[in-house]
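Read in the UniProt record's numbering, the sequence shown has 134 at position 134, and its numbers run on one by one without any break.
Backbone N, C-alpha and C define an ideal beta-carbon position, used for all residues, glycine too.
Here the structure is a predicted model, which means the values were calculated and not measured.
Structure record follows, encoded as structure tokens.
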Amino acid sequence: MSIAYTITTSEPVNQQIYRYLRKDIVTCAIQPGSLLSEKEVSARFNVSRQPVREAFIKLAEAGLVQVLPQRGTFVRKISAKRVADGRFIREAVEVSVVRRAALEIDDPALMALEHNLQLQRMAAERHDSQAFLTL
Numbered sequence: 001m002s003i004a005y006t007i008t009t010s011e012p013v014n015q016q017i018y019r020y021l022r023k024d025i026v027t028c029a030i031q032p033g034s035l036l037s038e039k040e041v042s043a044r045f046n047v048s049r050q051p052v053r054e055a056f057i058k059l060a061e062a063g064l065v066q067v068l069p070q071r072g073t074f075v076r077k078i079s080a081k082r083v084a085d086g087r088f089i090r091e092a093v094e095v096s097v098v099r100r101a102a103l104e105i106d107d108p109a110l111m112a113l114e115h116n117l118q119l120q121r122m123a124a125e126r127h128d129s130q131a132f133l134t135l
């Protein structure tokens, strides 16, 4: 957990902590199977433990962590079955959306799409997963 984030007053603290931890988990900055300590996370963000607990609950609801009473909160390991199931659903939805979009796309939108794909290829060649996901 080496990425530095800043807690602001623009939104509730627990939501910011949730968002930052979610990003770190999804990008594997926090490795699957890792123990998340309320004490360490609250120290990292310089906040009390209450917003950290609330963020952990939300992460558990999203299936990203597992809270084990008297043991701790652990980042869930990546499940091959969940990945395969998600891929199947995503592929079905994306194929349907692309078919429909192909019937209605105009030249400016097609050019923008081609530009975005080129940027994605460049990000992939640089192994820049953050830029790729942002695109």
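Sequence-distant residues of its chain with Cβ nearer than 6 angstroms to residue i (five each side left out)
i	result
LEU36	THR73
ARG49	GLU38 and SER42
ALA131	ALA123
LYS77	PRO32 and GLY33
GLN66	PHE74 and ARG76
LEU119	LEU135
Residues that DSSP places opposite residue i in a beta bridge
i	result
THR73	LEU36 and VAL67
Closest Cα partner of residue i within the set the options
i	options	result
LEU117	VAL26, ARG76, THR134 and VAL95	THR134
ARG44	GLU61, ARG71, LEU68 and TYR5	TYR5
residue 155	VAL93, GLN70, LYS23 and ALA92	No statement about residue 155 is possible, as the shown extent of the chain runs from 1 to 135 and does not include it.
Whole-Å CB distance - residue i paired with residue j, under 8 angstroms assumed
i	j	result
VAL75	SER34	5 angstroms
ILE25	LEU64	5 angstroms
Contact set for residue i: own chain, Cβ-Cβ below 7 angstroms, skip 5 residues either direction
i	result
ARG99	none
SER96	none
Own chain, CB closer than 8 angstroms to residue i, minus 5 neighbours either side, in chain order
i	result
TYR18	GLU54, ALA55, LYS58 and LEU59
ILE7	VAL13, GLN16, ILE17, PHE45, ASN46 and VAL47
VAL52	ASN14, ILE17, GLU38, VAL41, SER42 and PHE45
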